[in-house]
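Participant: First residue of the sequence shown: 6, per our numbering; consecutive thereafter. Got a structure for you, questions after.
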Amino acid sequence: MDPRDRIEYSAIVDRPPLKLPDGVRIVVWPVFNIENWDTAKPMPRAVLTPPGETLFVPDIPNWSWQEYGMRIGFWRIKDAFDRLGIKPTFSLNASVCDVYPRVAQAALDAGWEFLPHTYHQGPMHLLEDERQTIQDTVERIESFTGTRPRGWIGPGLTQTYETSDLLREAGLDYVADFVWDDEPTLVKTRAGDLVNVPYSVELNDIAMMILQHHESAELYRRTMDQFDRLYEESAERAKFMGFGIHPYISGVPHRIGHLEAMLAQMASRPGVVFWSGAEITDWYRSTLA
C-alpha cells in the first residue's frame, strides 16, 4: 500500500480538540534507542571517517564509539531518568537481549516499556524475509520480558510498502514511523488500524549531533523550543511530543548535562506527564470508542 493511502488528509484546524484527563496538557514520550551493531558489517553510522574514505571491516573506531554507549552512556542516561522518576520507552533491537543482557535486564527491572526496533540494526528494505524478522523480533522480546510487546519503531523509521500490514498481522498495536502529526493518528492496514504515536526526526540526537553537527547544547535548545511552543498550544488542545536519544550520543559527558536539564525543565511544568507508547495508544483508542 502506498503510504498516502494509509491515512486520510486532516487539517489540525478542522478537528475537534483532544482533551487529556485530570488537567494534563501535554504528553512527553521519551524514546531511548538501544541498538546492536554487527561488527562483521559496515557500521550503521559513523562519527569518524576512515582514512581514504574507504569503509573497512572491522570498523573499530565507530563500533567502539557505539560500544561506549552500552558500557557507560546507558547508565548515565538511566540515572537521569531514575532521579526524576521518568520511565522512557526502551526501543531495542531484539538481539540486545542476547548481546547486552545486563542493559536489557536493567530496563526490565526499571519497569520500562520494551519497543521492538527490528532484530539487528539495519533498514527494513534489506531484509530477506520481513515477516519472519518481525515475528522473530517480537518473540525474542516477549521471551525476555514475559510480556508481548505492543508497538514498533523501525530502524531509521524505515518501512517498505508492506511493513505496516505485517506489523498489524503480527498483533502489534502501534507504530512511530510516520512523523506527520502532533497527535496520535490511525494508520490503515489490510488487517485493521494501527495507532501512530507522534515521534520526531528532528528531536533526535542522531539528526542534531551526528548528521547536522550541532554543538552539544542544541539538544536542550531545540527540544525546549519545541516543548515551549507545544505547551503554549496545549492550553487549547492536547499535545504530544516524542523525542529520541541514544546512549553513545546523549550519554557522553559533554551532552548528558543538557539532557538532564531539559528533562528537569519539562518535568517541572504543571500539566505535563511522561507516558509510554502503549499508554498513549490505549488513551487514544479510548477516545475513539
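Think of the CB as a built atom: it goes at the ideal place given N, C-alpha and C, for glycine as much as any other residue. Predicted model, so just to flag it, every value in this text is computed and none were measured.
1) Using 8 Å as the threshold, is the segment 123 to 135 in touch with the segment 105 to 113, meaning 3 or more CB pairs across them?
2) On the DSSP letters alone, give me the boundaries of the beta strand (DSSP E) that residue 121 sits inside.
3) Under a three-way DSSP split, which group does residue 47 fall into?
4) Evaluate contact between the segment 178 to 190 and the segment 201 to 209, counting only Cβ atoms and requiring at least three cross-stretch pairs below 8 Å.
5) Rounded to whole angstroms, what is the Cα-Cα separation between residue 18 and residue 242?
6) With a floor of 3 residues, list each beta strand (DSSP E) that falls wholly inside the segment 250 to 294, ordered by position along the chain.
7) If we ignore side chains and look at the alpha-carbon of each, how far apart do residue 113 and residue 42 end up?
8) Apply the 10 Å Cβ neighbour rule to residue 5 and answer buried if 16 or more other Cβ atoms are within range, or exposed otherwise.
9) Taking residue 232 as part of the alpha helix (DSSP H), name the residues at either end of that continuous run.
10) By Cβ distance below 7 Å, which residues in the same chain neighbour residue 132 in space, the five residues on each side in sequence not counted?
11) Tell me which residue opens and which closes the alpha helix (DSSP H) that residue 68 is part of.
12) Helix, strand or coil for residue 5 per DSSP?
13) Taking 9 Å as the threshold (C-beta atoms), are residue 209 and residue 160 in contact?
14) Indicate whether residue 216 and residue 255 have their beta-carbon atoms separated by less than 9 Å.
15) Exposed or buried, which one is residue 251 when buried takes at least 16 other CB atoms within 10 Å?
16) Using the DSSP secondary-structure output, state which residues sit across from residue 244 in a beta bridge.
17) Would you mind working out which of 279, 188, 96, 37 sits nearest residue 289, comparing C-alpha positions?
18) For residue 192, which residues of its own chain have a beta-carbon under 7 Å away from its beta-carbon, when the five flanking residues on both sides are left out?
19) Please report the distance separating the alpha-carbon of residue 220 from that of residue 14.
20) With DSSP run on the structure shown, which of helix, strand or coil describes residue 176?
21) Count the CB pairs spanning the segment 145 to 160 and the segment 115 to 124 that are closer than 8 Å, and state whether there are at least three.
22) By a C-beta neighbour count over all protein chains shown, 10 Å radius and 16 as the cutoff for buried, is residue 166 buried or exposed?
23) Measuring straight from C-alpha to C-alpha, what distance separates residue 92 and residue 248?
24) Jot down the residue ranges of each uninterrupted beta strand (DSSP E) in the segment 130 to 210, minimum 3 residues, whole runs only, in chain order.
25) Indicate the three-state DSSP secondary structure (helix, strand or coil) for residue 23 in the structure shown.
26) The alpha helix (DSSP H) with residue 113 in it runs from where to where?
27) Closest to residue 268 by C-alpha separation, out of 293, 90, 154, 153, would be which residue?
28) Out of 276, 49, 231, state which residue places its alpha-carbon closest to the alpha-carbon of residue 29.
29) Helix or strand or just coil, what does DSSP make of residue 62?
30) Which residue from 285, 73, 214 puts its Cα closest to that of residue 190?
Facilitator: Put simply:
1) no
2) 118 to 121
3) coil
4) yes
5) 11 Å
6) 277 to 279
7) 21 Å
8) Nothing can be reported for residue 5: it is not among the residues displayed for the chain, which extend from 6 to 294.
9) 223 to 238
10) 138
11) 65 to 73
12) Because the chain in this structure spans residues 6 to 294, residue 5 falls outside the shown range and cannot be described.
13) no
14) no
15) buried
16) 31
17) 188
18) 11, 12, 169, 180, 183, 198, 199, 201
19) 37 Å
20) coil
21) yes
22) exposed
23) 13 Å
24) 190 to 192, 199 to 201
25) coil
26) 106 to 114
27) 90
28) 276
29) coil
30) 285
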